Amino acid sequence: MNCRSVFNKALIFAILATATSARASSVDLAVQGVGLSLGNSSRITGVRVNFVDDGVERVTGINMTLWKARRNPDAEINGAALGLIGPYARNLRGIAIGGVYTITEQDLRGIAFGGVGVDVGGDIYGLASGIGGAIAVHDVHGIAIAGVRSGARGDISGAALSLGIAAGEGNTTGLLVGGAGAWTNHDLRGVSLALGGTWAGHDGRGLIIGGVGAASGHDASGLVAGGVGAGVGHSMLGIVAGGFGAGVGKDLHFGAVLSAGGAGVGHDGRGLVVGGVGAGVGHDHEGIVIGGLGAGVSHKGRGLVAGGVGAGVGHDFAGLTVGTLGAGVGHSLEFGAVLSLGGAGVSHDARGLVIGGLGSGVGHDLTGLTAGAFGTGVGHSLKFGAVLGGGGAGVSQDARGVVIGGLGAGVGNNLTGLVVGGFGAGVGHDLGFGAVLSLGGAGVGNSGRGVVIGGLGSGVSDNFKGLLLGGLGTGVGQGLTGAGISAGGVGSGKTIRGLAIGGLGVGAGQSIHGIALGGIGVGAGQELKGIMAGGLMVFAPQMSGIAVSAVNGITIGASYLPPEGSDRWFETINDRFTGLSIGLINHTRELHGVQLGLFNYAGNNPGWAKLLPFINAHL
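1 is the number of the first residue of the sequence shown in my numbering; add one for each residue after it.
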């Protein structure tokens, strides 16, 4: 009888024996436990072939189970375990292949395949694959691949791949890929991909990408992207992107939040926040915030905030804020620009540009430029810069710079610079140095130095040094030093020093020193000194210089001259004249000079020489 015949008979005997009783003895062709075992042997090193395994303790080599293995809670298989239905052992080390399943009570170390699935009661070290599922009750250190579900109830270090769900209930370090979903209930370090949804229950570092949604429950670093939505529950370092929505619950340490719908950061942000519909940051932000309709930062911001309709920053901002209809900063613009086709505003201080297509304003101090088509204003002071309005422009307190309004412009207190208004321009207190210009009226509420020009009229309520021009009239309440010119009248409540030209007349309550030319006349309540010329009269109690007029030293018409005033139509008022007087009538009570005219009266001459024709003199 040959060896093959002996083996075949022994195999048939072992199969029949084990079929009768799973715990029946085996036929072993072995030396000191090493060799071939046919039947249900408990221990063997070599090759073991059995129909139904039951009570196996240790196999080192190859274990073939021709039918279904019963529960073998103590079995240790090192090598290869093969089964028509599937291997079942406490621990498997090596290769395990089952037509239906592969099951271990504890650990799998190596490669395992089950037609339906692989169920490991402990840890997987290596590769486990099943058409249905590949699951470790504890941890996976390797790769788990399944058609329906793969993963671990503990941690995954490696990869879990599934057409359905790939998941770990603890931490995952490596790769999760699921057709329907992929997740880890705690921390992720690696990549999680799914056509459906994917998430890390706590912290995620790496890539979390889902066709529908993607999320990290706490902190994340890397990329979190979902076709519909994506979110990070706490802080993010990296990119969060969602088709309709993307958000970070607390801080965006550095990176981007992107969405075709809405994008938001719950607290502080550093980086890029872009939403096709809207984008916002709940507290402070450094970087760029862009929203299709609106964009906002609720507290402080640095960088760019832009919205298709509106954009705003709740507190302080440094950078650029742009909104089509409106843009604003809730407190201070530290440096930068607020721009809008509608309205633009800063509620407190601003340094930079505030420009609105309709209107603009700064609530407190401005250093820079604010402009609005209809109107613009500064609530307190213009430290340095310009305020420009197509309609009106104003500064409520002090201004250093340019204030221009198409209709009108004004400064409530002091100005050093330029104020221009179409119909009116004014300074409420002092014009430190500069110009007030208007086609209508121009005025200074107190004192001024510079230029004040009004197409209709101009005036300064106290003292003024410079050029004063008024179409119908110009005047100062106290003293004018410089030039006053008007087609109507030039007047001063007290003094004029310089040049005064009035189409109708020039007058001063006390004195005029310089050159004064008046269409009708030139007069002063106390003294005229210089060159005075009037079409009808030149008069003052004290006169010195050159006087040219039809009548010198006499008033014609009702007048009022301090201190006592007069309402008579004809009055001689000159007490003393020194110089040259030229006119039809020259009159003085005391002459020290020469009179040329038709009638010349000098009250201090002898009786015969008091009134002389053509010429009179007293030297």
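By construction, the Cβ of each residue, glycine as well, lies at the ideal position given by its N, Cα and C atoms. Computed from a predicted structure; not experimentally measured.
Annotation: G328 to G368 spans about 16 Å, alpha carbon to alpha carbon. Residue environment analysis places N463 among the buried positions, since at least 16 neighbouring C-beta atoms fall within 10 angstroms of its C-beta. Put simply, of L161, N78 and H618 the residue whose alpha carbon is nearest the alpha carbon of I131 is L161. Secondary structure note for G470: its beta strand (DSSP E) is the uninterrupted segment F464 to G470. Beta-carbon to beta-carbon, T45 and V34 are separated by about 5 Å, close enough to satisfy the 8 Å threshold. DSSP assignment within the region 514-600 yields the following whole beta strand (DSSP E) runs of 3 residues or more, N-terminal first: 521-524, 527-539, 542-552, 554-556, 570-572, 576-582 and 585-588. An exposed status is given to W608, since fewer than 16 other beta-carbon atoms sit within 10 Å of its beta-carbon.
One Cα belongs to M543, the other to L469, and the distance between them is close to 26 Å. Beta-bridge partners of V403 (DSSP): V387 and V419. Taking a contact as a CB-CB distance under 8 Å, the pair G401 and L388 does not count as one, their CB atoms being some 10 Å apart. Within the same chain, and ignoring the five residues on either side of S259 in sequence, the residues whose Cβ sits closer than 6 Å to its Cβ are G242, G245, A246 and G275. With a contact defined as Cβ atoms closer than 8 Å, S581 and A547 qualify at about 5 Å. Residue pairing by DSSP leaves S347 without any beta bridge partner.
Proximity to G178 across G434, R189, Y601 and S150 peaks at S150, based on C-alpha coordinates. DSSP places W608 in the helix class (H, G or I) of the three-state scheme. Look at the region 447-510 and you find no whole run of alpha helix (DSSP H) that is 4 residues long or longer. DSSP places H364 in the coil class of the three-state scheme, outside both helix and strand.
Pairing T416 with A617, the inter-Cα distance amounts to about 51 Å. Distances from the CA of D74 to each of G61, V137, N91 and D155 were compared; the closest alpha carbon is that of N91.
Taking 8 Å as the cut-off, the Cβ atoms of G505 and G489 count as close. Separation of S438 and G473 (C-alpha to C-alpha, rounded to the nearest whole angstrom) is 13 Å. The DSSP-derived three-state label of T102 is strand.
Check the Cα spacing between D187 and each of G211, D219 and E590: the tightest is with D219. When only Cα atoms are considered, S360 and A318 end up about 18 Å apart. Here P613 carries a strand assignment [DSSP, helix/strand/coil]. Secondary structure of K68 (DSSP, three-state): strand.
Collapsing the DSSP output to three states places A260 in coil. Taking G79 as reference, the option from M64, T60, G410 and V354 with the minimal CA-CA separation is T60.
According to DSSP, F433 shares a beta bridge with T416.
Rounded to whole angstroms, the Cβ separation of V228 and G213 is 6 Å, and the two are in contact under 8 Å. If you compare the alpha carbons of A306, G455, G454 and G432 with that of N446, the shortest gap goes to G432.
Residue environment analysis places Q595 among the buried positions, since at least 16 neighbouring C-beta atoms fall within 10 angstroms of its C-beta. Per DSSP, F335 is one residue of the beta strand (DSSP E) stretching across L333 to S340. Beta-carbon to beta-carbon, V309 and T321 are separated by about 13 Å, too far to satisfy the 8 Å threshold. Ranked by how close their Cα comes to the Cα of V522, the residues A533, E105 and G450 have A533 in first place. Assigned with DSSP and collapsed to three states, N78 falls in strand.
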